[in-house]
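Undergrad: Handing you this structure, nothing more for now.
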Amino acid sequence: MIVWTAKSGAKVTVTKAPSSFTIKGSGFGHGVGMSQYGARGMATAGKSSTQILQHYYTGAKVTTMSKNADASLKVQLLTGKKSVTVTPRSGRLRIKVGSKTIESGSKVTIERTSSGSVKATVGSKSYSGSKLTLEWQGTRYWKSSSATTVSVSGAQNGATGTYRHGRLEIGQLKSSLNVINVVGLNKEYLPGIAEMPASWQSEALRAQAIASRTYAYRNLGAVKPACGCNVYDEVASQRFLGWTHENAGDSGPWRKAVAATQTTSGSTVRSARLITYKGGLIDAVYSSSAGSKTHSAAEVWGSAVPYLVSVDDSPSKYASAQNPNASWSVTAKQSDMARAFGLADVRSVAVAKTGSGLVKTVKATSVKGKTASLTGDQLRTKLKLKSASFSVA
Numbered sequence: 127m128i129v130w131t132a133k134s135g136a137k138v139t140v141t142k143a144p145s146s147f148t149i150k151g152s153g154f155g156h157g158v159g160m161s162q163y164g165a166r167g168m169a170t171a172g173k174s175s176t177q178i179l180q181h182y183y184t185g186a187k188v189t190t191m192s193k194n195a196d197a198s199l200k201v202q203l204l205t206g207k208k209s210v211t212v213t214p215r216s217g218r219l220r221i222k223v224g225s226k227t228i229e230s231g232s233k234v235t236i237e238r239t240s241s242g243s244v245k246a247t248v249g250s251k252s253y254s255g256s257k258l259t260l261e262w263q264g265t266r267y268w269k270s271s272s273a274t275t276v277s278v279s280g281a282q283n284g285a286t287g288t289y290r291h292g293r294l295e296i297g298q299l300k301s302s303l304n305v306i307n308v309v310g311l312n313k314e315y316l317p318g319i320a321e322m323p324a325s326w327q328s329e330a331l332r333a334q335a336i337a338s339r340t341y342a343y344r345n346l347g348a349v350k351p352a353c354g355c356n357v358y359d360e361v362a363s364q365r366f367l368g369w370t371h372e373n374a375g376d377s378g379p380w381r382k383a384v385a386a387t388q389t390t391s392g393s394t395v396r397s398a399r400l401i402t403y404k405g406g407l408i409d410a411v412y413s414s415s416a417g418s419k420t421h422s423a424a425e426v427w428g429s430a431v432p433y434l435v436s437v438d439d440s441p442s443k444y445a446s447a448q449n450p451n452a453s454w455s456v457t458a459k460q461s462d463m464a465r466a467f468g469l470a471d472v473r474s475v476a477v478a479k480t481g482s483g484l485v486k487t488v489k490a491t492s493v494k495g496k497t498a499s500l501t502g503d504q505l506r507t508k509l510k511l512k513s514a515s516f517s518v519a
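The numbering of the sequence shown is our numbering, which starts it at 127 and goes up by one.
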């Protein structure tokens with residue numbers, strides 16, 4: 127469109143902002159480390175779990191270690207709530223508050239009081255302290271023939287979670303309750319990890335089991351002040367659903383994969399397979415898939431890690447991998463793009479990428495020539511894109 131200005135008579139060309147933009151991308155997640163669909167593709171091509179892991183973690187080795195093989199892990203199940211209900215099934219639980227121990231076969235309501243204490247209510251009686259511990263029958267903390275489970279309200283994205291192993295430690299965090307499940311890392315935590323469909327190939331499942339174990343082992347050190355835990359039960363660490371996942375009807379292949387990557391003597395784990403780099407445990411991060419190439423830690427998080435460099439992820443695009451995010455396309459409305467960049471409108475977008483295809487920066491220009499820039503990850507977050515490997519047209 128040509129507009130003539132009143133004073134000078136000069137003509138100015140004005141380009142109309144498009145009503146929408148097409149964003150095409152590939153992969154899902156941060157794209158660093160093991161690609162889960164890539165692992166599936168490699169497994170269908172006959173590769174072993176060791177070959178899969180040593181492909182995605184450059185220079186790393188899969189080794190067997192016995193140190194801390196039966197270690198316990200603190201997993202945060204829930205925080206941000208003032209009240210939670212714990213209900214035993216097929217057995218009894220006991221509540222430890224200070225020097226008191228109270229047994230119950232029915233639900234327990236736990237609250238953070240206005241005075242800052244933690245209160246457990248069983249029937250008409252209440253018991254308070256700075257923190258409390260819940261144990262139930264049939265665990266290593268309470269030997270019994272009863273195979274008791276406990277249900278924890280709101281523990282799984284607002285839904286009730288079910289747990290068979292370990293014990294619960296309930297304290298306070300930022301004026302709310304903080305619910306921690308203390309479990310054995312190998313025999314109790316790993317079977318409850320829900321990060322890969324149990325129907326996938328056994329070598330892909332074993333690769334996932336070893337990566338998940340390595341990630342957890344590396345976090346066995348000091349408890350994180352932000353959560354009072356070693357790991358979260360969400361994807362900020364790894365998705366842990368406890369008995370809900372372990373006891374699911376289709377979870378058998380996953381449990382077998384976990385068992386196949388460790389050795390036991392009776393009920394005790396003696397050694398387990400882990401991933402190391404120059405003798406130390408790696409940070410075994412992983413994501414669904416990256417596209418044609420994985421991304422380096424330096425590209426995504428700004429700090430180089432020798433075993434987290436960009437490698438070929440074409441196996442995630444094999445037909446046998448059945449990856450729904452091998453490629454994807456979404457339409458972003460003009461209003462959404464303008465809001466993302468903080469501009470009145472967006473006329474055009476220029477994308478700059480790294481060598482692995484990760485979007486480094488996105489520069490938007492308005493009809494009046496104003497510009498604004500975002501990192502690829504910032505735009506991904508604002509538009510809820512599947513990955514930061516994309517193009518805009």
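All C-beta atoms, glycine included, are put in the ideal place defined by N, C-alpha and C.
Owing to the predicted nature of the structure, the values given are computational and were not obtained by experimental measurement.
Given a threshold of 16 other Cβ atoms within 10 Å of its Cβ, counted over all protein chains shown, does Asp376 qualify as buried or as exposed?
TA: It is exposed - the Cβ of Asp376 has fewer than 16 other Cβ atoms within 10 Å.
Undergrad: Taking just the CA atoms, how far does Gly495 sit from Ala132?
TA: Bear in mind that the predicted position of Ala132 carries a pLDDT of just 40, short of 50, making it too unreliable to give a figure here.
Undergrad: Would you report the Cα separation of Gln423 and Ile149, rounded to the nearest angstrom?
TA: It should be noted that the sequence gives Ala, not Gln, for residue 423. Each residue's alpha carbon lies about 24 Å from the other.
Undergrad: Would Met191 pass as a contact of Leu400 if the rule is Cβ separation under 9 Å?
TA: Cβ atoms of Met191 and Leu400: closer than 9 Å.
Undergrad: Quick check: the Cα distance between Trp130 and Ala466, rounded to an integer number of angstroms?
TA: With a pLDDT of 37 at Trp130, under the threshold of 50, the modelled position of this residue cannot be trusted; read the value that follows with caution. Spanning the two alpha carbons is a distance of roughly 32 Å.
Undergrad: Do Ala169 and Ala333 have their CB atoms nearer than 9 Å?
TA: yes
Undergrad: Could you tell me which of Glu372, Gly310 and Pro379 sits nearest to Gly287, measuring between CA atoms?
TA: Glu372
Undergrad: CB Glu321 to CB Gln448, shorter than 9 Å?
TA: No, Cβ-Cβ distance for Glu321 and Gln448 is not below 9 Å.
Undergrad: Cα separation between Thr213 and Gly284?
TA: 16 Å
Undergrad: Where do the N-terminal and C-terminal ends of the beta strand (DSSP E) with Leu434 fall, by residue?
TA: It is not in any beta strand (DSSP E) - Leu434 carries neither H nor E in the DSSP assignment.
Undergrad: Which residues in the same chain as Arg473 place their Cβ atom closer than 7 Å to its Cβ, once the five residues preceding and following it in sequence are excluded?
TA: Thr141, Ala143, Thr491, Ser492 and Val493
Undergrad: What number of angstroms, rounded off, separates the C-alpha of Lys200 from the C-alpha of Glu237?
TA: 21 Å
Undergrad: Give every residue of the same chain whose Cβ lies closer than 8 Å to the Cβ of Ser338, excluding the five residues on either side of it in the sequence, and list them in chain order.
TA: Leu316, Ile319, Glu321, Gln364 and Ala410
Undergrad: Note down the Cα distance separating Phe516 from Phe154, rounded to an integer number of angstroms.
TA: 11 Å
Undergrad: Using C-beta distances below 6 Å, list every residue in its chain close to Ala281, excluding the 5 sequence neighbours before and after it, in chain order.
TA: In its chain, beyond the 5 residues on either side, Leu203, Leu204 and Gly287 have a beta carbon closer than 6 Å to the beta carbon of Ala281.
Undergrad: So, is Val361 buried or exposed, given that buried needs 16 or more other C-beta atoms within 10 angstroms?
TA: exposed
Undergrad: Let me know the secondary structure DSSP gives Gly347 once reduced to three states.
TA: coil
Undergrad: Who are the Cβ neighbours of Arg381 in its own chain at under 6 Å, not counting the five residues just before and after it?
TA: Within the same chain, Cβ atoms closer than 6 Å to the Cβ of Arg381 are found at Pro317, the five residues on either side in sequence being excluded.
Undergrad: Going by C-alpha to C-alpha distance, which of Gly264, Gly242 and Thr265 sits closest to Ser254?
TA: Gly242
Undergrad: Which residues in the same chain have their Cβ closer than 7 Å to the Cβ of Lys226, if we skip the five residues on either side of it in sequence?
TA: Tyr253
Undergrad: Are the region 498-509 and the region 482-490 in contact at 8 Å, needing three or more beta carbon pairs?
TA: By the criterion of at least three beta-carbon pairs nearer than 8 Å, the region 498-509 is in contact with the region 482-490.
Undergrad: Could you check where the beta strand (DSSP E) with Val426 kicks off and where it finishes?
TA: According to the DSSP assignment, Val426 belongs to no beta strand (DSSP E) but to the alpha helix (DSSP H) extending over Ala423 to Trp427.
Undergrad: Is it buried or exposed, Glu229, if we count other Cβ atoms within 10 angstroms and call 16 or more buried?
TA: When all chains shown are included, Glu229 counts as exposed.
Undergrad: As a quick exercise: from Tyr433, Ser418 and Lys512, pick the residue whose alpha carbon is nearest that of Thr480.
TA: Considering only alpha carbons, the answer is Ser418.
Undergrad: What are the partner residues of Arg94, as DSSP defines its beta bridges?
TA: Because the chain here runs from 127 to 519, residue 94 falls outside it and cannot be looked at.
Undergrad: Quick check for students: name the residue ranges of the beta strand (DSSP E) that lie wholly in the region 159-197, counting only runs of 3 or more.
TA: 187-191
Undergrad: Express the C-alpha separation of Thr275 and Ala246 in angstroms, rounding to a whole number.
TA: 19 Å
Undergrad: Around the Cβ of Ser513, are there at least 16 other Cβ atoms within 10 angstroms (buried) or fewer (exposed)?
TA: buried
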